[in-house]
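*Asks:*
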Amino acid sequence: AGGPPSSAAPPAPKKETKPAAPQIPSNISIASADVSKVAPDLKPIIACLTESYNICAKAYEGNPGKKREVLDNSRRLGILFFKLNIGDIKPTVKTQLLDLCR
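All residue numbers for the sequence shown refer to this note's numbering, where the first residue is 23 and numbers rise by one.
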């Protein structure tokens, strides 16, 4: 074999023992997202976006062509809520969301 000679086995790379990040459920929606651990200062984001989503969903209720779009928005907001719940949101995004919901 044409590799450099080694007198000892190379040390195993050190692995940080971080807990695995929670996986986003595949069927997540705005209704199923766990928001129990969202920081108190970020709760207004959940309330504002949920209210806005509900208004839009109700407005498109009678429009079958928009059903997929409404479900996609529910999924996307569910993912955002999931990330807010585990604290996986950049500070700049938090600030922008709080500004949006003022």
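Backbone N, C-alpha and C define an ideal beta-carbon position, used for all residues, glycine too.
Which of the three DSSP states is assigned to residue 115 in this structure?
*Replies:* As a first step, residue 115 must be located in the sequence shown, where it is residue number 93. In the structure shown, residue 115 sits in a helix (DSSP, three-state: H, G or I).
*Asks:* When the Cα atoms are used, what is the spatial distance from residue 80 to residue 71?
*Replies:* Taking the first residue of the sequence shown as position 1, residue 80 is located at position 58. Taking the first residue of the sequence shown as position 1, residue 71 is located at position 49. Distance between the alpha carbons of residue 80 and residue 71 is about 14 Å.
*Asks:* In chain order, what residues of the same chain have a beta carbon less than 6 Å from the beta carbon of residue 96, not counting five sequence neighbours either side?
*Replies:* Numbered from 1 along the sequence shown, position 74 holds the residue referred to as residue 96. So the list reads 51 and 52, once near-sequence residues are dropped.
*Asks:* Cβ of residue 106 within 8 Å of Cβ of residue 46?
*Replies:* Residue 106 sits at position 84 when you count from the first residue of the sequence shown. Residue 46 sits at position 24 when you count from the first residue of the sequence shown. Between residue 106 and residue 46, the C-beta spacing is not below 8 Å.
*Asks:* So for residue 110, helix, strand or coil by DSSP?
*Replies:* Here the question's residue 110 lines up with position 88 in the sequence shown. Looking at residue 110 - three-state DSSP - the assignment turns out to be coil, as it is neither helix nor strand.
*Asks:* Can you name the start and end residues of the alpha helix (DSSP H) that residue 71 belongs to?
*Replies:* Taking the first residue of the sequence shown as position 1, residue 71 is located at position 49. It spans 65 to 81 - the alpha helix (DSSP H) in which residue 71 sits, taken as one unbroken run.
*Asks:* Within the same chain, show all residues whose beta-carbon is closer than 6 Å to that of residue 56, passing over the 5 residues directly before and after it, in chain order.
*Replies:* Against the sequence shown, residue 56 aligns to sequence position 34. Counting only Cβ-Cβ distances below 6 Å, and skipping sequence neighbours, we find 107.
*Asks:* With 16 other CB atoms within 10 Å as the buried threshold, where does residue 122 fall?
*Replies:* Residue mapping note: residue 122 aligns to position 100 of the sequence shown, counting from 1. Here residue 122 is exposed. Its C-beta has fewer than 16 other C-beta atoms within 10 Å.
*Asks:* Count the other C-beta atoms from every protein chain shown that fall within 10 angstroms of the C-beta of residue 60, then say buried if there are 16 or more, exposed otherwise.
*Replies:* Indexing the sequence shown from 1 puts residue 60 at position 38. Buried, because 16 or more other Cβ atoms sit within 10 Å of the Cβ of residue 60.
*Asks:* Could you check what DSSP says for residue 94 in three-state terms: helix, strand or coil?
*Replies:* Taking the sequence shown and counting its residues from 1, one reaches residue 94 at position 72. In the structure shown, residue 94 falls within a helical segment according to DSSP collapsed to helix, strand and coil.
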